[in-house]
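*Asks:* Please read through the structure below; I'll follow up with questions.
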Amino acid sequence: MDERKALLQQKIKINKQKSQRNKLIDFLPQDISTVLEKCDLITSPKLDRILDEIHQKWNYELHKEEFVKKYGDFRKEFSWEQEVIQYMQEIEIEKKVVCLFLGIDDSPIYLVEGKWVIENFNILWQSIDNDDLWIISKDFNYGVLVSRYGGYLEQDPNPKEIFYSITKWNT
Numbered sequence: 247m248d249e250r251k252a253l254l255q256q257k258i259k260i261n262k263q264k265s266q267r268n269k270l271i272d273f274l275p276q277d278i279s280t281v282l283e284k285c286d287l288i289t290s291p292k293l294d295r296i297l298d299e300i301h302q303k304w305n306y307e308l309h310k311e312e313f314v315k316k317y318g319d320f321r322k323e324f325s326w327e328q329e330v331i332q333y334m335q336e337i338e339i340e341k342k343v344v345c346l347f348l349g350i351d352d353s354p355i356y357l358v359e360g361k362w363v364i365e366n367f368n369i370l371w372q373s374i375d376n377d378d379l380w381i382i383s384k385d386f387n388y389g390v391l392v393s394r395y396g397g398y399l400e401q402d403p404n405p406k407e408i409f410y411s412i413t414k415w416n417t
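Following the working numbering from start to finish, the sequence shown increments by one per residue and tops out at 417.
What follows is the structure in structure tokens.
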């Protein structure tokens, strides 16, 4: 019975992820939604394995204070949304398919061209209320993780008490 219950829970999770895709497509501008509507999706359980692989790459310290000390060379921090957008617009990325994960509830992973994501980052990111947005190569050798945190950067405090970090690697 437990196996059957686990299978049912898995199917519910997959349906929520597919439903989230439809909500996002309905919400985004048509030129953006058309691309996401046509791209392939990764849902659970494979989605969970991919996210775990990313966390494993960073020794499960990605969102912890120790991460900044250990992996500071891979991380940049910003107080303002416009700084993040400007940084992202300067990133060069190949025209290869990447995994796009949006940090909104029940988001699937979209398989979409990385260059397209960078070109449309501003619209995508603002559409999800500047929440987490991860761009990861299929082989995990390249990634750009935009994350949002509560708090502020001492040298440039945001009165909303929010700051953003970008973790970027290319190995």
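For each residue, glycine too, the CB sits at the ideal point set by N, CA and C. Remember, predicted model here, so these are calculated numbers, not experimental data.
By alpha-carbon positions, which one of Q332, D351, I296 ends up nearest to G389?
*Replies:* Among Q332, D351, I296, the Cα nearest to that of G389 belongs to I296.
*Asks:* Sort Q401, T413, D385 by Cα distance to R394 and report the nearest one.
*Replies:* Measuring from the Cα of R394, the nearest candidate turns out to be T413.
*Asks:* For the alpha helix (DSSP H) that contains T280, what are its first and last residues?
*Replies:* Residues 276 to 284.
*Asks:* On the DSSP bridge assignment, give the partners of E323 in chain order.
*Replies:* Answer by DSSP bridge pairing, in chain order: S411.
*Asks:* Give the straight-line distance between the Cα atoms of I339 and D378, rounded to the nearest whole angstrom.
*Replies:* Those two C-alpha atoms are separated by around 19 angstroms.
*Asks:* State the CB to CB distance for the pair F409 and G397, rounded to an integer number of angstroms; the pair is presumed to be in contact (CB under 8 angstroms).
*Replies:* Yes, F409 and G397 are in contact; Cβ-Cβ is about 6 angstroms, under 8 angstroms.
*Asks:* So, helix, strand or coil for G318, using DSSP?
*Replies:* G318 falls in the helix class under three-state DSSP.
*Asks:* Please return the same chain residues whose Cβ sits closer than 7 angstroms to the Cβ of E299, not counting the five positions on each side in sequence.
*Replies:* Once the five neighbours on either side are set aside, the close Cβ partners of E299 are F386.
*Asks:* In its own chain, which residues sit with a C-beta less than 7 angstroms from the C-beta of W304, not counting the 5 before and 5 after it?
*Replies:* Only F313, Y317 meet the Cβ criterion.
*Asks:* State the Cα-Cα distance for the pair D351 and Q266, rounded to the nearest angstrom.
*Replies:* Cα to Cα, the separation comes out at about 8 angstroms.
*Asks:* Report yes or no: do the stretch 275 to 294 and the stretch 320 to 340 share at least 3 C-beta pairs separated by less than 8 angstroms?
*Replies:* Cβ pair count under 8 angstroms is below three, so no.
*Asks:* Among K384, L346, S383, P354, whose alpha-carbon lies nearest the alpha-carbon of N366?
*Replies:* Measuring from the Cα of N366, the nearest candidate turns out to be L346.
*Asks:* Which residue wins for smallest C-alpha separation from V363, given the options Q255, L348, N416?
*Replies:* The candidate whose alpha carbon is nearest that of V363 is L348.
*Asks:* Mind checking which residues open and close the alpha helix (DSSP H) that includes E249?
*Replies:* Start and end: 248 to 273.
*Asks:* I need the DSSP call for I381, collapsed to helix, strand or coil.
*Replies:* Here I381 sits in strand by DSSP.
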